[in-house]
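Quick notes on the structure that follows.
2 protein chains.
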Amino acid sequence: MTKSSLKPSPREKLSPEVLALADHLHSATIHLLRRLRKQDACSGEGPARLSALSVLVFGGPKTLGELAATEQVKAPTMSRIVAGLARGRLIEIALDADDARRMQIRASAKGERLLQAARQRRMASLAGQLHRLPMKEFAKLQQAAEVLSRLLVDWR
Amino acid sequence: MTKSSLKPSPREKLSPEVLALADHLHSATIHLLRRLRKQDACSGEGPARLSALSVLVFGGPKTLGELAATEQVKAPTMSRIVAGLARGRLIEIALDADDARRMQIRASAKGERLLQAARQRRMASLAGQLHRLPMKEFAKLQQAAEVLSRLLVDWR
DNA sequence: GAAGTATAGTTAGCTATGCTAACTAATTTC
DNA sequence: GAAATTAGTTAGCATAGCTAACTATACTTC
């Protein structure tokens, strides 16, 4: 770091330091998710379906378009993901009373159970590793997770 | 945190705190990579090929089996990825002198250029966001990146 | 050195996930 | 009420993951 500013004033543009952090963060997140992804295999559903289902479980009912936007995917892609989830009885689809074009999609009880089980496996895997960290490093990750969340919210 | 230990002694097993961090980290990394992934579209190559190519560029020549192991993918999958990269002249393949079954795969000059350009786009995107962070938060991410790297190395 | 086993990669064929283009149907706007 | 917009589907393409079954080379064992 060449200059310090404790208030939200940005640093100079794309210094080597910023690029180095971008690189490390990029690499670490890729490898972290690659490890966790393996835990999902035994759920019987692919990553896109699990992710969409988790949006429904934690975010409540959504239309197809809202789901597509949340998952940053085009409508036809989400259409097929929803079809797959419906085929497995993991979601329930109701027509919107106000607008017959819209569909209200919600997780079914079965979908909720499946997602919680999958989530449990991922969390157990990651938590099992975090668990082995010394307190100090654990705290660093806690702070970083908050920073990352804000970064994503403020992304532009 | 219920107990503190500044030395590498692990905490109690899978406390709510550990699970909460696992959850936040999981969510943040997923959404971070989803954003960065978009930058790769204009490279003309998919994520699996870019990732394998980056292994070759930064890790030097590899056999197909080594590439598959590094990318945590089965041999037939890597076989097709390599075929795609070869079709685009992004890699060069030589037969191993000692063992005619093996292939030595290396990035071509064209592959190196393409990967560096793609990497530049990802890094610019992420760095552009990191750039806007106040110094203090930036430093937190730096520390976290180190912790994450160690976590991945020590993963078991 | 021949037979059997192990290893490196390929091929075929399945599923899942992403896209665009072109479509249907419902709603809104003018 | 005609035109434009919006929600979602269908068709068709490419990438990426897998297993099973194959070829070809290398190693082992007698």
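Going line by line, the protein sequences match chains A and B.
Offset between the first sequence (1-based) and this note's numbering: plus 5.
Offset between the second sequence (1-based) and this note's numbering: plus 5.
Glycine is no exception: its CB is placed at the ideal position from the N, C-alpha and C atoms.
Looking at the C-beta of residue i, does it have a partner C-beta in chain B at a distance below 8 Å?
{"i": "ASP101(A)", "result": "no"}
{"i": "SER48(A)", "result": "no"}
{"i": "ARG85(A)", "result": "no"}
Using 8 Å as the threshold, is the C-beta distance between residue i and residue j below it?
{"i": "LEU61(B)", "j": "ILE110(B)", "result": "yes"}
{"i": "HIS29(A)", "j": "SER154(B)", "result": "yes"}
{"i": "LEU38(B)", "j": "LEU38(A)", "result": "yes"}
{"i": "MET108(A)", "j": "ILE98(A)", "result": "yes"}
{"i": "LEU90(B)", "j": "ALA57(B)", "result": "yes"}
{"i": "LEU95(A)", "j": "ALA112(A)", "result": "yes"}
{"i": "GLN148(A)", "j": "LYS79(B)", "result": "no"}
{"i": "ARG54(B)", "j": "ILE86(B)", "result": "yes"}
{"i": "HIS135(A)", "j": "VAL158(B)", "result": "Checking the sequence, you will find Leu at residue 135(A) rather than His. No, they are not a contact pair."}
On a CA-only basis, which of the options is nearest residue i? Give me that one, please.
{"i": "ARG126(B)", "options": "SER56(B), GLN44(B), ALA27(B), PHE143(B)", "result": "GLN44(B)"}
{"i": "LEU131(B)", "options": "GLN148(B), ALA27(B), THR34(B)", "result": "THR34(B)"}
{"i": "ALA137(A)", "options": "VAL152(B), GLN121(B), LEU72(B), SER113(B)", "result": "The question names Ala, yet the displayed sequence has Arg at residue 137(A). For ARG137(A), the nearest C-alpha among the options comes from VAL152(B)."}
{"i": "SER20(A)", "options": "ALA25(B), GLY133(B), HIS36(B)", "result": "GLY133(B)"}
{"i": "LEU26(A)", "options": "ALA150(B), ALA102(B), CYS47(B), PRO66(B)", "result": "ALA150(B)"}
{"i": "PRO139(B)", "options": "LEU156(A), MET128(A), GLU142(A)", "result": "LEU156(A)"}
Tell me, please, whether the CB atom of residue i is closer than 8 Å to any CB atom in chain A?
{"i": "GLN134(B)", "result": "yes"}
{"i": "THR68(B)", "result": "no"}
{"i": "LYS79(B)", "result": "no"}
{"i": "LEU157(B)", "result": "yes"}
{"i": "SER10(B)", "result": "Bear in mind that the predicted position of SER10(B) carries a pLDDT of just 39, short of 50, making it unreliable; the figure below should be weighed with that in mind. Yes, SER10(B) counts as interfacial toward chain A."}
{"i": "ALA27(B)", "result": "yes"}
What are the start and end residues of the alpha helix (DSSP H) that includes residue i?
{"i": "GLN121(B)", "result": "114-135"}
{"i": "PRO81(A)", "result": "80-92"}
{"i": "SER59(A)", "result": "52-64"}
Whose Cβ in chain B lies nearer than 7 Å to the Cβ of residue i?
{"i": "THR34(A)", "result": "THR34, LEU37, LEU38"}
Looking at the unbroken beta strand (DSSP E) that takes in residue i, where does it start and where does it end?
{"i": "LEU24(A)", "result": "It is not in any beta strand (DSSP E) - LEU24(A) instead sits in the alpha helix (DSSP H) that spans 21-42."}
{"i": "LEU100(A)", "result": "96-100"}
Taking Cβ-Cβ distances shorter than 8 Å, what residues in chain A pair up with residue i?
{"i": "LYS115(B)", "result": "What LYS115(B) touches in chain A: nothing, since even the nearest Cβ is about 22 Å away."}
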